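Okay, so here's the structure we're looking at.
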Ligand SMILES: Nc1nc2c(ncn2[C@@H]2O[C@H](COP(=O)(O)OP(=O)(O)OP(=O)(O)O)[C@@H](O)[C@H]2O)c(=O)[nH]1
Ligand SMILES: [Mg+2]
């Protein structure tokens, strides 16, 4: 679905951020680098960065006066907010006076992208001072989600998050229809957002939620149908290589892309070559720092897949210097949705990008982790083996007599469990199987109290 007001390709962006006290230089730079990647994913070309160290965001415009002028210089704006009186909060501005350089920048930015969330008033003031559209991090992420959403469920989720994001910003934004950069602000859900008052937005959200519930009802049923099969969920930061691993393990054609948030839908496929019983692998939406709260909430159901998994593979891009904090974010969100008990393994991916020294250091730091490259078939085979061993370890061996009248049960059992031995007796077939506990419970129910004996 193309967005009517989507930014034209190669819109020029200037990144702006405040480095608050307590945020280290490398953390601050890492966050801006990530914002630049988010912008690239949207098709923006980043032409510069304007940053300032402060104790807190300046109430009206987040920056001090001098910085605001510097920012406006990049966009061709006035740097002034009419009717705005500078308060005492600017005392901590770095002591510098901005002097207009003689030379104009060779190119002007048509959109300002902030690495923080701002209030509607701050947004309006910054737009006035710069004369161009101002997006915050949440706005950028929402726009990416909106473009990458494929399934009806993902589209509904994004639409709800977008409306929730827009509602408080409606009254404050004065740019309205004549936005220049043309980002997320102007439209949503097929209607012009500023034409909707808040009540209508609330009604629309309620309507969309109902549609979403209906879809989810069907999913719960499907999930229940396959609940006996052991399931592995691939979870992790965006771009870690979850979909690549999914492809490698299942031979499926899920989308792999060097983009942030390439995957928004959960896909479930069987591990290949197929095992008995089948092991299911699910690919999930990626995480990012400072993910807008509404978005986390709306993607909760997508993550239910992770909640129902028997094993979580925390996938990280070990070649990214920030992977430790990225792993923390993933762990925090999963803990928030309640997936704390599920067994987990750490996958350190993109090994091919690491030096021998890096590899040795990582092995020492994470002795329990599985270090691999999704591009190396040997590594993928080794992981396949580890997954089998994991579930085998969980299985129990049982011998049971299945009456000939229950031939169907035997047929299903051969799919759900590994049959080690079969013997035909007078009353039925005596089989010895290795199976997960859930399958044995199912079997007992099927045989309605017929005796399941321990071997
Ligand atoms: N060098 C290298 N690149 C890899 C490896 N695995 C994945 N990639 C690349 O990393 C990028 C992201 O891969 P994806 O599999 O789409 O990542 P993802 O975790 O599914 O990302 P999202 O869907 O955005 O959350 C792609 O360009 C892949 O080709 C690897 O082992 N080595
Ligand atoms: Mg993916």
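In this note's numbering, the protein residues as written are 1060 to 1514. For every residue, glycine included, the Cβ atom is placed at its ideal position computed from N, Cα and C. Just so we're clear, the structure is a prediction, and the values are computed from it rather than from any experiment.
Consult DSSP for residue 1498 and reduce its assignment to one of helix, strand or coil.
helix
Run the CB neighbour count on residue 1302, radius 10 Å, all protein chains shown included, and call it buried at 16 or more, exposed below.
buried
Considering only the alpha carbon of each residue, which of 1447, 1395, 1392 lies closest to residue 1330?
Taking residue 1330 as reference, the option from 1447, 1395, 1392 with the minimal CA-CA separation is 1447.
Going by the C-beta, is residue 1412 closer than 6 angstroms to any heavy atom of ligand 1?
yes
How long is the line joining the alpha carbons of residue 1186 and residue 1412, rounded to whole angstroms?
42 angstroms
Is it right to say residue 1082 is buried, meaning 16 or more other beta carbons lie within 10 angstroms of its own, or is it exposed?
exposed
Cβ neighbours of residue 1272 in the same chain (closer than 8 angstroms, five flanking residues each side left out):
none
Tell me the rounded alpha-carbon separation between residue 1202 and residue 1101.
Each residue's Cα considered, the two are about 8 angstroms apart.
Here's the rule: buried if 16 or more other CB atoms are within 10 angstroms of the residue's CB, otherwise exposed. What is residue 1380?
exposed
Continuous alpha helix (DSSP H) stretch holding residue 1302: start and end:
1301-1309
Measure the alpha-carbon distance for residue 1385 versus residue 1452 and round it to whole angstroms.
30 angstroms
In the DSSP output, what is residue 1117 paired with across the bridge?
1121
Residue 1076 - partner residues in DSSP beta bridges:
1110
Consider the C-beta atom of residue 1441 and the heavy atoms of ligand 1; say whether any pair is separated by less than 6 angstroms.
no
On the DSSP bridge assignment, give the partners of residue 1262 in chain order.
Note: residue 1262 sits in no beta bridge, so no partner.
Pick from 1134, 1129, 1215, 1109: whose alpha carbon is nearest that of residue 1071?
1134
Who pairs with residue 1406 in a beta bridge, going by DSSP?
1374, 1429
What distance in whole Å lies between the Cβ atoms of residue 1220 and residue 1323, which are believed to be in contact at a cut-off of 8 angstroms?
Between residue 1323 and residue 1220 the beta-carbon gap is near 11 angstroms, outside 8 angstroms, which marks them as no contact.
Check whether the Cβ of residue 1317 sits closer than 6 angstroms to any heavy atom of ligand 1, and report yes or no.
yes
Check: residue 1310 C-beta below 6 angstroms from any heavy atom of ligand 1:
Checking the Cβ of residue 1310 against ligand 1 gives no.
Helix, strand or coil, according to DSSP, for residue 1232 in the structure here?
Caution is warranted here: a pLDDT of 48 is assigned to residue 1232, below 50, making its placement in the model unreliable, and the coordinate value is therefore given only provisionally. Residue 1232 falls in the coil class under three-state DSSP.
Can you look up residue 1333 in the DSSP assignment and give me helix, strand or coil?
coil
Close beta carbons around residue 1236, own chain, < 6 angstroms, minus the five adjacent residues each side:
At residue 1236, the pLDDT of 42 sits below 50, so the modelled position is not reliable; the number obtained from the coordinates is stated separately. Closer than 6 angstroms at the Cβ level, and outside the excluded window around residue 1236, lies no residue.
Range of the contiguous beta strand (DSSP E) that encloses residue 1218
From DSSP, residue 1218 is part of no beta strand (DSSP E) but of the alpha helix (DSSP H) over 1211-1225.
What separation, rounded to the nearest whole angstrom, lies between the Cα atoms of residue 1487 and residue 1495?
23 angstroms
DSSP on residue 1319, reduced to helix/strand/coil?
coil
Quick check: does the Cβ of residue 1126 come within less than 6 angstroms of any heavy atom belonging to ligand 1?
No.
Is residue 1149 helix, strand or coil by DSSP?
In this predicted model, residue 1149 has a pLDDT of only 49, less than 50, meaning its place in the structure is not dependable; the value taken from the coordinates is given anyway. Shown here, residue 1149 sits in a helix according to DSSP, grouped into three states.
Any non-hydrogen atom of ligand 1 within 6 angstroms of residue 1321 CB
yes
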